[in-house]
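Numbering follows UniProt numbering, with no gaps: position 199 of the sequence shown is 199.
No residue lacks a Cβ here, since even glycine has one placed at the ideal position from N, Cα and C.
Let me begin by presenting the structure, written as structure tokens, before commenting on it.
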Amino acid sequence: MPLEELLKHLERLANKSLSLWDLPEGARARLINVSENATYLVEADSGYKAVLRVHRENYHSRRAIECELEWIAALAEADAVVTPGHYLGRDGQAIQKGRIEGLPDPRYMVLFHFVEGAEPDESGDLAGPFEELGEIAARTHIHSVGWQKPDDFERLTWDLNAVFGGNPTWGNWRDGPNVDMAVSKVLEQVESMVIRRLEAFGQTPDRYGLIHADMRLANLLIDESGTRLIDFDDCGFGWFLYDFAAGISFMEDDPRIPELKSAWVRGYRKMRPLSDAEEAEIDTFVMLRRLALLAWIGSHIEAPEPQALAPDFARVTAELGTAYLEAFT
């Protein structure tokens with residue numbers, strides 16, 4: 001279905017479904033972001049605001065979404081990080097389900113509390129935000145290691161199989177836009193190097209566990225009261241250092257990255273030990289994430305952000321890969 005048509009159906013679904021919650025009269029939903037999910041700002045004349053997430057079909061099960069909300073609540077209860085809460089529907093359930101004519105499948109929905117604040121300006125000085133991002137990542141990892149997960153805990157896994165296996169979560173990077181023979185030749189070598197190094201790095205509990213997996217600046221909201229971490233939709237099991245790699249998504253070629261990596265590591269070490277060997281492996285996680293993003297662009301090309309990124313992403317990924325191979329061989 002063309003994106004424009006899909007969004008029309010989703011907007012009708014979003015507004016029709018507002019009756020599932022006890023909201024002020026006249027509340028309306030307005031699209032503010034579309035990626036894996038469609039996200040709507042819900043507003044009413046009284047000044048009420050909330051954020052409605054309409055999940056894409058066949059990405060998360062109901063239990064997986066429940067597990068996301070359970071970890072968010074546990075982080076907040078432990079005062080590990082500040083995260084937005086969610087509203088219960090009229091039926092007392094956090095997750096609602098709705099369908100509308102024109103969409104073949106029903107959609108899960110969650111209504112989150114609105115959080116004031118703005119994301120850090122990517123064009124500004126990012127050393128401070130990345131140092132804080134390192135602290136936040138470390139606090140979530142400390143909680144991850146010590147938290148007793150609920151029964152039947154179900155979330156995505158961000159390991160080598162999820163990126164390079166026979167059924168990769170976001171697709172195969174080889175199917176990404178503009179992956180020509182020259183690009184493919186470099187990235188085949190990068191994939192082999194990443195696999196070899198991460199198999200050696202291992203998945204011991206001090207290095208691998210439940211992570212946010214999308215800790216980008218876009219998922220930080222800052223105001224005078226502090227910093228809040230939002231959008232746990234991709235949280236799952238992976239290497240802790242993957243959170244840094246996710247933090248620089250789509251800007252891996254920015255010349256400030258070495259400075260930002262140092263700032264992130266500095267912030268992380270305020271909260272949790274990080275060995276020199278682990279720090280030295282961060283670039284491997286950056287390439288793992290970059291190849292995953294190349295696949296994501298290819299499998300989500302109908303959306304505006306992937307379309308904007310598509311022209312040069314493969315070429316730049318190969319350039320980054322060449323530098324990575326030179327550094328580790």
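Point to revise | Pair within 8 Å by beta-carbon distance, ASP231 and ALA213 | key: No; because the gap between Cβ atoms is not below 8 Å, this pair is not in contact.
Review point. In chain order, what residues of the same chain have a beta carbon less than 8 Å from the beta carbon of ALA44, not counting five sequence neighbours either side?
Key: LEU23, PRO24, GLU25, GLY26, ALA27 and ARG28
**Study point:** Given GLY89 as reference, the closest of VAL34, HIS113, ALA78 and VAL82 once Cα atoms are compared
**Key:** HIS113
**Study point:** the stretch 89-101 touching the stretch 163-179, judged by at least three CB pairs closer than 8 Å
**Key:** no
Exercise for review: In the DSSP assignment, find the unbroken alpha helix (DSSP H) run with PHE244 in it and report its ends.
Suggested key: 242-247
Practice item. With GLU4 as the anchor, note down where its alpha helix (DSSP H) starts and where it stops. Key: 3-17
Check your understanding: Of the choices HIS55, GLU131, ARG197 and ASP223, whose alpha-carbon is the least far from that of ALA277?
Key -> ARG197
**Study point:** Given ARG12 as reference, the closest of GLU119, LEU31, GLU252 and MET1 once Cα atoms are compared
**Key:** LEU31
Review point. Taking the C-alpha atoms as reference points, what is the distance between GLY298 and PHE250?
Key: Between GLY298 and PHE250, the C-alpha separation is close to 14 Å.
Review point. Do you know whose CA, among ILE195, VAL54 and ARG228, lies nearest THR83's CA?
Key: ARG228
Review point. In the DSSP assignment, what are the bridge partners of GLN96?
Key: MET109
Exercise for review: Would you mind stating whether MET287 and GLY321 have Cβ atoms separated by less than 8 Å?
Suggested key: yes
Exercise for review: Pull up the CB-CB distance for LEU126 and LEU260, whole angstroms please, since I reckon it's below 8 Å.
Suggested key: Contact holds; Cβ gap of about 6 Å.
Review point. Does the distance from the C-beta atom of HIS141 to that of VAL110 stay below 8 Å?
Key: no
Check your understanding: Exposed or buried, which one is ASN167 when buried takes at least 16 other CB atoms within 10 Å?
Key -> That one is exposed.
Check your understanding: Which stretch, first to last residue, makes up the alpha helix (DSSP H) that contains LYS261?
Key -> 257-271
Check your understanding: What separation, rounded to the nearest whole angstrom, lies between the Cα atoms of LYS16 and LEU10?
Key -> 10 Å
Check your understanding: In three-state DSSP terms, what is THR39?
Key -> The three-state reading of DSSP puts THR39 in strand, counting E and B together.
Exercise for review: Determine the direct distance from the alpha carbon of PRO2 to that of LYS8, and round the result to whole angstroms.
Suggested key: 10 Å
Exercise for review: Give, in chain order, every unbroken run of the beta strand (DSSP E) that is at least 3 residues long and sits entirely within the stretch 109-133.
Suggested key: none
Review point. Can you list, in chain order, the residues of its chain whose CB lies under 6 Å from that of ALA169, leaving out five sequence neighbours each side?
Key: Contrary to the premise, residue 169 reads as Thr rather than Ala in this sequence. Only ALA162 meet the Cβ criterion.
Check your understanding: What's the C-alpha gap between ALA245 and PHE285?
Key -> 6 Å
Review point. What span of residues does the beta strand (DSSP E) with LYS49 cover, start to end?
Key: 49-54
Practice item. Might you give, ordered along the chain, the residues of its own chain that have their beta carbon closer than 7 Å to the beta carbon of GLU66, omitting 5 neighbours on each side? Key: ILE95
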